[in-house]
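Heads up, the thing below is written out as structure tokens.
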Amino acid sequence: MRYRPVGPDPRTAIGADALARIFHAGGRGLRFVRELIRAYEEATPAFLEGISRELKGAELVVFGSLGMAAWHWAEAHGVPAVAAFLQPLLPTRAFPAPIGPWPRALSRFGAFNRLTYWIASLLAWQLVRRSSDRYRRRLGLEPLGL
23 MRYRPVGPDP RTAIGADALA RIFHAGGRGL RFVRELIRAY EEATPAFLEG
73 ISRELKGAEL VVFGSLGMAA WHWAEAHGVP AVAAFLQPLL PTRAFPAPIG
123 PWPRALSRFG AFNRLTYWIA SLLAWQLVRR SSDRYRRRLG LEPLGL
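The sequence shown maps to residues 23 to 168 in the numbering used here.
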């Protein structure tokens, strides 16, 4: 199996101006989310170009959390795809999702921990939904919607 980078390094693709906007928004709720979405959408075209170029002829696609778009490409081309996350993103009762400020006191409850993955997944999906659905349409796939 050969490793193929499919796009620019996310830290450089987003760019210093976009990172400054995101960090300047700080924890100010909606402004932070708006800037994060804006930065993501600015960086996405180069990344998607890389996916289309580098995955041609692939027999298997292994992707991480920043490469979720490769899953869409694999679906459109009938290529098996496997997620290989470096952080726990699949629901578990053992601990809460790594994304989010979850109350520590509630993390001892397995049902709460599983719920945090559902919440984190919904929030993360809203960040990338529009660009992901545009990409899926471009590939001839149905959008995933909400």
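Ideal Cβ positions, reconstructed from N, Cα and C, are used throughout, including at glycine.
DSSP lists PHE85 as the beta-bridge partner residues of ALA105. One Cα belongs to LEU168, the other to GLN148, and the distance between them is close to 8 Å. If you draw a straight line from the Cα of GLY162 to the Cα of SER154, it comes to about 12 Å. Residues THR138, ILE141, ALA142 and LEU145 of the same chain have their beta carbon placed closer than 8 Å to that of GLY122, with the five preceding and five following residues left out of the count. Cβ contact annotation for ASN135 (same chain, cutoff 7 Å, sequence separation greater than five): THR114, ARG115, ALA116, PHE117, PRO118 and SER129, in chain order.
The C-beta distance from LEU112 to TRP95 rounds to 21 Å, too long to fall under 8 Å, and the pair is not in contact.
A direct Cα-Cα distance of roughly 39 Å separates PRO67 from GLY132.
Around the CB of GLY72, 16 or more other CB atoms lie within 10 Å, so the residue is classed as buried.
A direct Cα-to-Cα measurement between ARG156 and GLU97 gives close to 15 Å. Distance from the CA atom of LEU108 to the CA atom of MET90, rounded to whole angstroms, is 13 Å.
Taking 3 residues as the shortest admissible run, the segment 86-155 contains the following complete beta strand (DSSP E) segments, listed from N- to C-terminal end: 103-105.
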